[in-house]
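Number of protein chains: 2
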Amino acid sequence: MKFPDAKKQFIKTWGTLGSEWGINRSMAQVHALLLIAPKPLTTEDVMEELSISRGNANMNLRDLINWTLVSKELIAGDRKEYFVAEKDIWEIARRIAKERKRREIEPVLKALIQLQEFEGTKSNLEHQAFIDTVGKLGKFVGKMDKSVEVMLKADESWFFGTLLKLLK
Amino acid sequence: MKFPDAKKQFIKTWGTLGSEWGINRSMAQVHALLLIAPKPLTTEDVMEELSISRGNANMNLRDLINWTLVSKELIAGDRKEYFVAEKDIWEIARRIAKERKRREIEPVLKALIQLQEFEGTKSNLEHQAFIDTVGKLGKFVGKMDKSVEVMLKADESWFFGTLLKLLK
DNA sequence: TTAAACTTTCAATAAATATTGAAAGTTTAA
DNA sequence: TTAAACTTTCAATATTTATTGAAAGTTTAA
Numbered sequence: 004m005k006f007p008d009a010k011k012q013f014i015k016t017w018g019t020l021g022s023e024w025g026i027n028r029s030m031a032q033v034h035a036l037l038l039i040a041p042k043p044l045t046t047e048d049v050m051e052e053l054s055i056s057r058g059n060a061n062m063n064l065r066d067l068i069n070w071t072l073v074s075k076e077l078i079a080g081d082r083k084e085y086f087v088a089e090k091d092i093w094e095i096a097r098r099i100a101k102e103r104k105r106r107e108i109e110p111v112l113k114a115l116i117q118l119q120e121f122e123g124t125k126s127n128l129e130h131q132a133f134i135d136t137v138g139k140l141g142k143f144v145g146k147m148d149k150s151v152e153v154m155l156k157a158d159e160s161w162f163f164g165t166l167l168k169l170l171k
Numbered sequence: 004m005k006f007p008d009a010k011k012q013f014i015k016t017w018g019t020l021g022s023e024w025g026i027n028r029s030m031a032q033v034h035a036l037l038l039i040a041p042k043p044l045t046t047e048d049v050m051e052e053l054s055i056s057r058g059n060a061n062m063n064l065r066d067l068i069n070w071t072l073v074s075k076e077l078i079a080g081d082r083k084e085y086f087v088a089e090k091d092i093w094e095i096a097r098r099i100a101k102e103r104k105r106r107e108i109e110p111v112l113k114a115l116i117q118l119q120e121f122e123g124t125k126s127n128l129e130h131q132a133f134i135d136t137v138g139k140l141g142k143f144v145g146k147m148d149k150s151v152e153v154m155l156k157a158d159e160s161w162f163f164g165t166l167l168k169l170l171k
C-alpha cells in the first residue's frame, strides 16, 4: 500500500470510529490528519487535504481545541495560525476521558441522584421498580465516575500494567 | 416530584446519554422505559408511553434484542409479545461493552494492524510520523481491547473493588 | 490610518438519520 | 381453511445535524 492510500485509510478509519462514538465525522478526520502530520498545519492545509470548506475546517479545529486535543502554534514571521495535535496517545485518552466525564457522566449522575429523592408508595409496584433501578444505576454511574478519576490520576504503565495484571 | 414526572425525567436523561454515545435516542428511551417497568410491556405499551409509532417501537425493540439488553417474553394465553429488559446493571454494562468491542474496537484494531504493514521511506518525515502514530495507536487500542476482555471476565465487586481500593 | 491577510460567524443548504403509517407478512384459534 | 390478531417492512416524510461560502470581524505591516 502506497502512502497516500494508507493516509486516506487511516483518516477514514478514525472518522468512522468518531461517528460511532457520537463525535462529528469531520472533527475526527481533522484530528486524524493532525495526528499523522509531522509538522503544524494551517486551516488551508486541512481544507485541502480533507476537501472541506473553510468554515467547516475552522469550526472543527476550534472544537478540537476545546477538547484540548489540538493547540494553536505560532510560527515566527508568519501571520497564519498553525495547528498541532497532542501526539501522546495516553494523554489523548486522558483528555477525552476528562471531557466526557465532565460533559456526560457528571450531568447523568447529578440527574440520577436527584431522582433518588423520589419516595413513592411502598405498595406501588411501579414506584418500587423505579426506586430500585434508579438507585442501582446511580451507584453504578457513581463508580464509573470514580474509576475515570482513578484513570486520570494514574499513569499509563500503572493503568495497563499493574492494574490489568492484578485483575487477571 | 410526583411519579409521572420522575419517570419522564428518567427517560429523558437516559435518552440524552444515549444520543451522546451514538445511540438512537428512541432506542435509549425504550430501554429506559423497560428498565423501570415492574412487568413485561407490549409494543403497544411502548408506543403509548413514549408517543412513538408502531414501526418505530418495533424496530427499537428489535435493536435492543440484538444488543441483548432486552428479551421477548411469552405470557400464557396471550398472543401478544411482551418485552423485558435485563435489570442487573453490571450485566447491562458487560453486554454493552461486549457489543461495542465487537462492533467498534475490533474493526479499528484490525485496520490499524493492517496499516502497520506500510513500510515507507526512512528519510521521509511524513512516512515516519505516520508509522509512529499508527504504531502507538495500534498498541493502545490493543490494550483497550484486552482491558475490555478482562472486564468481561471479571465480576463487578472484583472490578470496582480492586480498582477503587487502589486509588486510596 | 489603511488595506491586505487572515479568522470567525451564521443564514442558507445539503446530507444524514429517525420516524411514520399503511401494506405485506405471519401466526393462531376456531 | 379463513379471518382476526399480531408483527414486520419499507417508501415517504420529517427531523436533526453537518457543511458551505460569503460577509463581517480582527489583526498586522507599512
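Residue numbers (the numbering used here), protein chains in the order written: chain S, 4 to 171; chain R, 4 to 171.
We put the beta carbon where it would ideally sit given N, CA and C, even for glycine.
Note on geometry: alpha-carbon atoms of Phe86 (chain R) and Leu67 (chain S) lie some 41 Å from one another. Close to chain R, meaning a Cβ-Cβ distance shorter than 7 Å, are the following residues of the region 8-20 of chain S: Ala9, Lys10, Gln12, Phe13, Thr16, Leu20. Chain R places a beta carbon closer than 9 Å to that of Phe133 (chain S), counting this residue as a contact. For the pair Glu89 (chain S) and Val111 (chain S), the CB atoms are not nearer than the 9 Å cut-off.
Going by C-alpha positions, Ile108 (chain S) is about 8 Å away from Met147 (chain S).
A direct Cα-to-Cα measurement between Gly138 (chain S) and Glu51 (chain R) gives close to 26 Å. Counting only unbroken stretches of 4 or more residues, the alpha helix (DSSP H) elements lying wholly within the region 38-65 of chain R are 46-53, in sequence order. Selection R:Glu159, R:Thr124, R:Leu118 evaluated against Thr16 (chain S) yields R:Leu118 as nearest (Cα-Cα). Counting only Cβ-Cβ distances below 7 Å, Glu107 (chain R) has contacts in chain S at Leu20, Glu23, in chain order. For Ala79 (chain S), no beta strand (DSSP E) segment is defined, and its DSSP state is neither H nor E.
The alpha-carbon separation between Ala31 (chain R) and Lys104 (chain R) amounts to approximately 19 Å. When C-beta atoms of the region 119-137 of chain R are compared with those of the region 33-45 of chain S, three or more pairs fall below 8 Å, so the two segments count as touching. Chain-order list of chain R residues neighbouring Ser160 (chain S): empty, with the shortest C-beta distance near 11 Å, by a criterion of under 8 Å. Under the DSSP assignment, Ala132 (chain R) falls in the alpha helix (DSSP H) whose first and last residues are 128-156. Look at the region 23-43 of chain S: the residues with a C-beta under 7 Å from a C-beta of chain R are Glu23, Trp24, Gly25, Leu38, Ile39, Ala40, Pro41. From the beta-carbon of Phe86 (chain S), no residue of chain R is found nearer than 9 Å; the closest lies around 15 Å away.
Counted as a single uninterrupted DSSP element, the alpha helix (DSSP H) harbouring Ile92 (chain R) occupies residues 92-103.
For Val111 (chain R), the chain S residues whose C-beta falls within less than 7 Å of its own C-beta are Thr16, Leu20, listed in chain order.
For Phe6 (chain R), the enclosing alpha helix (DSSP H) has its first and last residue at 6-23.
Burial state of Lys5 (chain S) is exposed, judged by a 10 Å Cβ sphere holding fewer than 16 other Cβ atoms.
Cβ atoms of Thr46 (chain R) and Leu64 (chain R) come within 8 Å of each other, at about 7 Å. The DSSP-derived three-state label of Phe163 (chain S) is helix.
Going by DSSP, Lys125 (chain R) is part of no alpha helix (DSSP H) at all; its letter is neither H nor E.
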